[in-house]
Amino acid sequence: MTSDAQEPTLTVDELAARAGVTVRTVRFYSTRGLLPPPVIGPRRVGRYGPAHLSRLALIEELQHQGMTLAAIERYLERLPADLSAHDLAIHRAVVASWTPEATETVDRAELERRAGRPLDDGAVERLAAMDVVAREGEAFRLDTGLLPLGVRLLDVPLAEETVLAAREVLRDHSRAAARELTRLLWDAVSDREPQDVRSLTAQMQPLVVQALLTTFQRSLREELREWPRDGGTRPSPGTPESG
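Numbering-wise (our numbering), the sequence shown opens with residue 44 and increments by one.
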């Protein structure tokens, strides 16, 4: 947990609200060892941080996928104990990628409950711009899979135009990668029986998604290393970093 820059600042009530669960659920996960203990601050008040929130989101996603608590325990036991909120979020993204697209129609109170926080009109409009929600009269059509990501993006200090442009870049390049990979795999299996093709596709899909995520994460890390230092000029793509 020490790898997160932010200090634990959330009370158990605030953690539960941000995660969209009850305090009872948080305490239950803690007693089962699924959630690390809080940092004890002044007046013996437990404080939780970003990694607690990300671990809660991962647990909830695993449950949403139909895993039992025993299976979740085994899954979490295989993860390093000091994973950062960032790394836990990546694990959750991999798990969530198997969730079929699902939408629900909810009212404003339920939307805020699912988000784990109050949402002013500006926040709702930003979620709508990201296609997380769509107004239907007094109700909202909600993309349940995108909501956690959309809520997290509300706190990112970037202009809405930048977030939407980034989404388009990811959408375009991921579609292009998916198209090329599909063609590559099809060329490799086109002479096989249909049932064999379906079986191989089912086996390959999680491997391809994990490979894409890992490759992109490493590429992004390499690109970020080239960001300007001390106000210098950002290196051009492919230009080795000097000094």
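Don't be surprised by glycine CBs; every beta carbon is placed ideally from N, CA and C.
The model shown is predicted, which means the values in this text are computed figures rather than measured ones.
Supposed close pair residue i, residue j - CB separation, criterion 8 Å
i: arginine 75; j: glutamate 116; result: 7 Å
i: alanine 59; j: threonine 65; result: 6 Å
i: arginine 135; j: glutamate 168; result: That pair is no contact at about 26 Å.
For residue j and residue i, the rounded distance between their alpha carbons
i: leucine 243; j: arginine 90; result: 47 Å
i: aspartate 164; j: alanine 202; result: 16 Å
i: glutamine 106; j: proline 123; result: 20 Å
i: leucine 255; j: glutamate 269; result: 22 Å
i: alanine 152; j: leucine 197; result: 18 Å
i: glutamate 284; j: alanine 166; result: Here glutamate 284 scores only 45 on pLDDT, less than 50, and its place in the model should not be relied on; the value that follows carries that caveat. When rounded, the distance between both Cα atoms is 39 Å.
i: leucine 131; j: valine 138; result: 11 Å
i: leucine 207; j: arginine 86; result: 43 Å
i: leucine 101; j: leucine 119; result: 9 Å
i: alanine 158; j: arginine 178; result: 16 Å
i: valine 252; j: valine 176; result: 26 Å
i: leucine 170; j: leucine 190; result: 8 Å
i: histidine 216; j: alanine 209; result: 11 Å
i: aspartate 47; j: tryptophan 229; result: The pLDDT assigned to aspartate 47 is 48, lower than 50, so where the model puts this residue is not dependable, and the model offers no usable value.
i: leucine 192; j: valine 240; result: 33 Å
i: leucine 263; j: threonine 257; result: 10 Å
i: valine 88; j: leucine 185; result: 35 Å
Beta-bridge pairing of residue i - partner residues as DSSP gives them
i: aspartate 186; result: Thr146
i: valine 176; result: Leu185
Selection from the options that minimises the alpha carbon distance to residue i
i: glutamate 57; options: Arg156, Leu126 and Glu103; result: Arg156
i: proline 79; options: Thr258, Leu99, Arg169 and Glu269; result: Leu99
i: glutamate 147; options: Val137, Thr187, Gln108 and Arg178; result: Thr187
i: leucine 96; options: Leu197, Gly63 and Leu213; result: Gly63
i: arginine 195; options: Ala220, Phe259, His129 and Arg178; result: His129
i: alanine 182; options: Phe259, Arg210, Val88 and Val149; result: Val149
i: leucine 126; options: Thr258, Glu103, Gln108 and Pro93; result: Pro93
i: arginine 61; options: Gln108, Arg160, Ile83 and Pro81; result: Arg160
i: methionine 247; options: Leu224, Thr111, Met173 and Arg135; result: Leu224
Under the three-state DSSP convention, the category residue i falls into
i: valine 82; result: strand
i: leucine 207; result: helix
i: leucine 53; result: strand
i: arginine 90; result: strand
i: glutamate 236; result: coil
i: glutamate 168; result: helix
i: serine 73; result: helix
i: glutamine 108; result: coil
i: aspartate 163; result: coil
i: alanine 124; result: coil
i: proline 283; result: Only weak support exists for where proline 283 lies, its pLDDT of 45 falling under 50; the value from the coordinates is given anyway. Coil.
i: alanine 202; result: coil
Residue-level contact to chain B via CB, residue i, 8 Å cutoff
i: aspartate 234; result: The structure shown contains no chain B; it is built from a single protein chain.
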